[in-house]
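Working notes, structure below.
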Amino acid sequence: MTMLTKSTPNQKRRGLTAVFMSAPALLGLLLFVAVPFLLAVALGFTNLRLGSPLPLEWLGFEQYRRIFADPSFSRALLNNLLFAFTVVPLQTVLALLLALLLNRSLGGIAFFRTLFFMPVVFPLSLVAVVWVLIFAPGPNGMMNSFLELVSFGAWTPRDFLHDPQLALPAIMLTSIWQGTGFQMVIILAGLQAIPAELYEAAAIDGARRWRQFWHVTLPQLRNTLIFVVLVTTILAFRLFDQVQIMTQGGPHDATTTVMFEAVQAAFARQQVARGAAMTVVLFLVVLLISWLQRRVARQEREVL
Amino acid sequence: MSRSAGVPLFYLSLLLLGLLFISPIGFMLAGSLKPDARVLVEAGDWRVFWPAGLSLDNYLDVFARVDFVRYLLNSLFINGMIVGVGLLVNSLAGYAFARLQWRGRELLFGLVLAVMIIPLEAIAVPLFYMVSLAGWRDTYLVQILPFIANAFSIYLFYTYFIGMPRELEEAARIDGAGPLRTFFTIIVPNAKPVFASVAILTFLTQWGAFLWPLMVTSSEAVRPLPLAIATFHSLPPLQWGDIFAFGVMMVAPILVVFLLFQRWFVRGVVATGIKG
Chain B
333 MTMLTKSTPN
343 QKRRGLTAVF
353 MSAPALLGLL
363 LFVAVPFLLA
373 VALGFTNLRL
383 GSPLPLEWLG
393 FEQYRRIFAD
403 PSFSRALLNN
413 LLFAFTVVPL
423 QTVLALLLAL
433 LLNRSLGGIA
443 FFRTLFFMPV
453 VFPLSLVAVV
463 WVLIFAPGPN
473 GMMNSFLELV
483 SFGAWTPRDF
493 LHDPQLALPA
503 IMLTSIWQGT
513 GFQMVIILAG
523 LQAIPAELYE
533 AAAIDGARRW
543 RQFWHVTLPQ
553 LRNTLIFVVL
563 VTTILAFRLF
573 DQVQIMTQGG
583 PHDATTTVMF
593 EAVQAAFARQ
603 QVARGAAMTV
613 VLFLVVLLIS
623 WLQRRVARQE
633 REVL
Chain C
-17 MSRSAGVPLF
-7 YLSLLLLGLL
3 FISPIGFMLA
13 GSLKPDARVL
23 VEAGDWRVFW
33 PAGLSLDNYL
43 DVFARVDFVR
53 YLLNSLFING
63 MIVGVGLLVN
73 SLAGYAFARL
83 QWRGRELLFG
93 LVLAVMIIPL
103 EAIAVPLFYM
113 VSLAGWRDTY
123 LVQILPFIAN
133 AFSIYLFYTY
143 FIGMPRELEE
153 AARIDGAGPL
163 RTFFTIIVPN
173 AKPVFASVAI
183 LTFLTQWGAF
193 LWPLMVTSSE
203 AVRPLPLAIA
213 TFHSLPPLQW
223 GDIFAFGVMM
233 VAPILVVFLL
243 FQRWFVRGVV
253 ATGIKG
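Here it is in structure tokens:
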């Protein structure tokens, strides 16, 4: 932008109006995002605890040393990682598959698109509550009897949400159910943006469907897929609602997450500084993922 | 494989997948309409989707046990304010960044883009501390105010406005209209799609808000639906029919809006992934 050296009164007035127009939003972002963010970083270096008689002290990295020495927090980070590495690929492949299936003009396709997108409008807390019952223990549980049916009776009923091995996968499945439609719609839009000429050219070259998919669809969908993976990965690290409602982090930390630990610290135990430090770790992870995404995408097209 | 054999097969697999996908919703809907005792007992076979009795008792039970209408109104008010005031505030900022020349514009816009990456979770603890000091806990205000200014909304408005032809504004400017009047009389009427996308996207992300209300509210009077269903779920006696009835009533309004304005929902979601 080139600022004019001499600004007329009219331009000055317009500039003032611009400041006035953006002020409410900028003030909001400053007060409710920037300040708390800086406060989170600052608090993470202290010992602040609500209602504590101890004086406020600067601890440096002590708080971070403590949380990384805490087995529950390490478990939480590991769980977030496991969640990301399982849910992201599964959900993306499922969404891509659905999008490919639904990317044609046959009668009734719109109906199916609606159907697969529907869970997206369900609040996560409601989804979590419904899936608590789906994972009900005993042979009468819906998931148990479904697995029994598809395994021809080989499945023995388990108590998913109280089983250290199955609780996290149960939460993963719940999340995939709710999140797939969101990804599907974005991928579908990406598919529809691919110029038809590319497929025609490939067809003239004698490329079969499978080859067309590898050589036209996937490369053209690259940025869309990168974006979808980025968003889902970040969501995986923000995981909280399902854990709070379905398992409370249990059994034995099997489903605890960084955010769940942070809320436990800051609210259940009033350790504001400790909670703040944990959320700073969460932010750093999100930052790292976004940075990686930008490196991978590299192209000038901006996403997020 | 010939085309003619492929199509029925295609529909069949789609139908199976679709049924599997909506089975949790069918479970909830059927369960809300049958006696409590049968919800659990019948969850293990085909009767799981059968609304035996078609009774509205569970729905009446919900109203008898909790103040459902109150939660619904709370949610509608909180989200209405966030969406409505947010549209105004963020579109104004988006326009100032996209079209007006002013000192500090580039720097501030860079900061807006930087702030976009900070998730609520990363600032929830200190934000909670701040609003506690301010004495705002357990109010509507604390559930609305922090979410009005939204960096991503500003960005979406910005990308849309910057793509609009300049001629319209030039004409208004020659007529002597200031930026504010130009914005409201020329820009807003010609930018309905972006307003709809941002409104729906904001609504979708805020309607399910759970973490923040959980942190800052303690009384029923200001609680929104997503928190209320979690509380209702843990409220003895555990009656699944009632819980499902609560769930159906909670999701029905948004589902109706979704089915009516589906095109816009999809557009709103796609706007997150595609520039402009």
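Sequence order for the protein chains is B and C. Here the first sequence stands for residues 333 to 636, where the numbers follow our numbering. Here the second sequence stands for residues -17 to 258, where the numbers follow our numbering. A virtual CB, placed ideally from N, CA and C, is assigned to each residue, including glycine. No experiment lies behind these values; they were computed from the predicted model shown.
Next on the checklist: Any beta carbon from chain B within less than 9 Å of W118 of chain C's own beta carbon?
Outcome noted: Counting from 1 along the second sequence, the entry for residue 118 of chain C is found at position 136. No, W118 of chain C does not count as interfacial toward chain B.
Next on the checklist: Is there a Cβ of chain B sitting closer than 9 Å to that of G92 of chain C, yes or no?
Outcome noted: Residue 92 of chain C sits at position 110 when you count from the first residue of the second sequence. Not closer than 9 Å to any Cβ of chain B, the Cβ of G92 of chain C fails to qualify, so no.
Item to check | First and last residue of the uninterrupted alpha helix (DSSP H) at N412 of chain B | outcome: Translated into positions along the first sequence, residue 412 of chain B becomes position 80. Segment 403 to 434, the alpha helix (DSSP H) holding N412 of chain B.
Item to check | Given M648 of chain B as reference, the closest of B:G470, B:A609, B:F514 once Cα atoms are compared | outcome: One cannot answer for residue 648 of chain B here, as it falls past the ends of chain B, which runs 333 to 636.
Checklist entry - Just how far apart, CA to CA, sit R540 of chain B and I526 of chain B? => result Reading the first sequence from its first residue, position 208 is the one you call residue 540 of chain B. Reading the first sequence from its first residue, position 194 is the one you call residue 526 of chain B. Spanning the two alpha carbons is a distance of roughly 17 Å.
Next on the checklist: The alpha helix (DSSP H) that contains S201 of chain C, what's its start and end?
Outcome noted: By one-based count along the second sequence, residue 201 of chain C stands at place 219. Note, S201 of chain C: premise wrong, no alpha helix (DSSP H); not H, not E.
Next on the checklist: Taking only three categories from DSSP, how would you classify T564 of chain B?
Outcome noted: Against the first sequence, residue 564 of chain B aligns to sequence position 232. Here T564 of chain B sits in helix by DSSP.
Checklist entry - Residue ranges of each beta strand (DSSP E) run of no fewer than 3 residues wholly in the stretch 452 to 525 of chain B, ordered along the chain? => result none
Next on the checklist: What does the alpha-carbon distance come out to for the pair L550 of chain B and N411 of chain B?
Outcome noted: Sequence index remark: in the first sequence, residue 550 of chain B carries index 218 (1-based). Sequence index remark: in the first sequence, residue 411 of chain B carries index 79 (1-based). The straight-line gap from Cα to Cα measures roughly 30 Å.
Checklist entry - Can you tell me the Cα-Cα spacing of W390 of chain B and N379 of chain B, whole angstroms? => result Working through the first sequence from its first residue, we reach residue 390 of chain B at position 58. Working through the first sequence from its first residue, we reach residue 379 of chain B at position 47. Answer to the nearest angstrom: the Cα atoms are 7 Å apart.
Checklist entry - Apart from the five residues just before and just after A586 of chain B, which ones in its own chain have a Cβ nearer than 7 Å to its Cβ? => result Looking up residue 586 of chain B in the first sequence gives position 254. Only P496, A499, L500 meet the Cβ criterion.
Item to check | Bounding residues of the alpha helix (DSSP H) (the contiguous stretch that carries W623 of chain B) | outcome: What you label residue 623 of chain B is simply residue 291 of the first sequence in a count that begins at 1. Looking at the DSSP string, the run of the alpha helix (DSSP H) that includes W623 of chain B is 604 to 629.
Next on the checklist: Can you tell me where the alpha helix (DSSP H) holding N61 of chain C begins and where it ends?
Outcome noted: On the second sequence, position 79 is the one that residue 61 of chain C refers to. That run of the alpha helix (DSSP H) goes 50 to 81.
Next on the checklist: Which residues does DSSP list as the beta-bridge partners of W390 of chain B?
Outcome noted: Locating residue 390 of chain B in the first sequence gives position 58, counting from the first residue. Its beta-bridge partners are B:T378.
Checklist entry - Using a beta-carbon distance cut-off of less than 9 Å, what residues from the stretch 24 to 35 of chain C approach chain B? => result E24, A25, G26, D27, V30
Next on the checklist: In the DSSP assignment, the alpha helix (DSSP H) including N342 of chain B goes from what residue to what residue?
Outcome noted: Counting from 1 along the first sequence, the entry for residue 342 of chain B is found at position 10. Residues 341 to 361.
Checklist entry - How close, in whole Å, do the beta carbons of F226 of chain C and P208 of chain C come, if the pair is a contact with beta carbons under 8 Å? => result In the second sequence, residue 226 of chain C corresponds to position 244, counting from 1. In the second sequence, residue 208 of chain C corresponds to position 226, counting from 1. Actually they are not in contact, since the Cβ atoms of F226 of chain C and P208 of chain C sit about 16 Å apart, beyond 8 Å.
Checklist entry - Do you know how far the Cα of I558 of chain B is from the Cα of L432 of chain B? => result Here residue 432 of chain B refers to the residue found at position 100 when the first sequence is read from its first residue. Here residue 558 of chain B refers to the residue found at position 226 when the first sequence is read from its first residue. Going from the Cα of L432 of chain B to the Cα of I558 of chain B covers about 17 Å.
Item to check | Interface partners of A104 of chain C on chain A, CB under 8 Å | outcome: No chain A appears in this structure, whose protein chains are B and C.
Checklist entry - Would D585 of chain B count as contacting chain C if we go by Cβ distances under 9 Å? => result By one-based count along the first sequence, residue 585 of chain B stands at place 253. Output row for D585 of chain B: interface = no.
Next on the checklist: Any contact between the stretch 109 to 121 of chain C and the stretch 38 to 56 of chain C? By contact I mean 3 or more CB pairs, one from each, below 8 Å.
Outcome noted: no
Next on the checklist: Check whether the stretch 2 to 20 of chain C and the stretch 32 to 42 of chain C touch, using three or more Cβ-Cβ pairs below 8 Å as the test.
Outcome noted: yes
Checklist entry - How is the alpha helix (DSSP H) around W28 of chain C delimited, first residue to last? => result Looking up residue 28 of chain C in the second sequence gives position 46. Here W28 of chain C belongs to no alpha helix (DSSP H), and DSSP marks it neither H nor E.
Next on the checklist: Using CA atoms only, rank isn't needed, just tell me which of B:T588, B:T556, B:R445, B:H547 is closest to F569 of chain B.
Outcome noted: Looking up residue 569 of chain B in the first sequence gives position 237. Checking every option, the nearest Cα to that of F569 of chain B belongs to B:T588.
Checklist entry - On the premise that L571 of chain B lies in contact with F415 of chain B, defined as a C-beta separation below 8 Å, what is that separation, rounded to the nearest angstrom? => result Looking up residue 415 of chain B in the first sequence gives position 83. Looking up residue 571 of chain B in the first sequence gives position 239. Correct: roughly 6 Å between the Cβ atoms.
Item to check | CA nearest to the CA of S216 of chain C, picked from C:L11, C:L1, C:R47 | outcome: Translated into the one-based positions of the second sequence, residue 216 of chain C becomes position 234. Here the closest residue by C-alpha is C:R47.
Item to check | Residue range of the alpha helix (DSSP H) that includes I169 of chain C | outcome: Counting from one through the second sequence, the residue named residue 169 of chain C turns up at place 187. I169 of chain C -> no alpha helix (DSSP H), and no H or E assigned at all.
Checklist entry - Looking at the structure shown, is Q580 of chain B part of a helix, part of a strand, or coil, going by DSSP? => result Residue numbering aside, residue 580 of chain B sits at position 248 when the first sequence is read from its first letter. If DSSP states are grouped into helix, strand and coil, Q580 of chain B belongs with coil.
Next on the checklist: Going by C-alpha to C-alpha distance, which of C:F3, C:A78, C:L138, C:S5 sits closest to F166 of chain C?
Outcome noted: Here residue 166 of chain C corresponds to residue number 184 of the second sequence, with the count starting at 1. For F166 of chain C, the nearest C-alpha among the options comes from C:A78.
Item to check | Proximal residues, the stretch 510 to 525 of chain B versus chain C, C-beta separation under 7 Å | outcome: F514, V517, I518, A521
Checklist entry - Do we get a CB-CB distance below 9 Å when we pair V420 of chain B with the residues of chain C? => result Translated into the one-based positions of the first sequence, residue 420 of chain B becomes position 88. No, no contact with chain C.
Next on the checklist: Just verifying my parser: in three-state terms, what is the DSSP assignment at S114 of chain C?
Outcome noted: As a working mapping, residue 114 of chain C is identified with position 132 in the second sequence. S114 of chain C: helix per DSSP, three-state reduction.
Next on the checklist: Please report whether the beta-carbon of W463 of chain B lies at a distance below 9 Å from any beta-carbon of chain C.
Outcome noted: On the first sequence, residue 463 of chain B is found 131 positions in, with the first residue counted as 1. Output row for W463 of chain B: interface = yes.
Next on the checklist: Going by DSSP, what residue range makes up the alpha helix (DSSP H) through W542 of chain B?
Outcome noted: As a first step, residue 542 of chain B is located in the first sequence; it is residue number 210 there, counting from the start. Segment 541 to 544, the alpha helix (DSSP H) holding W542 of chain B.
Item to check | Secondary structure of G0 of chain C, DSSP reduced to three states | outcome: Here the question's residue 0 of chain C lines up with position 18 in the second sequence. Here G0 of chain C sits in helix by DSSP.
Checklist entry - Who are the near neighbours of V612 of chain B in its chain, counting only those whose CB is closer than 7 Å to its CB and skipping five residues on each side? => result The residue given as residue 612 of chain B occupies position 280 in the first sequence. Closer than 7 Å at the Cβ level, and outside the excluded window around V612 of chain B, lie A372, V373, G376.
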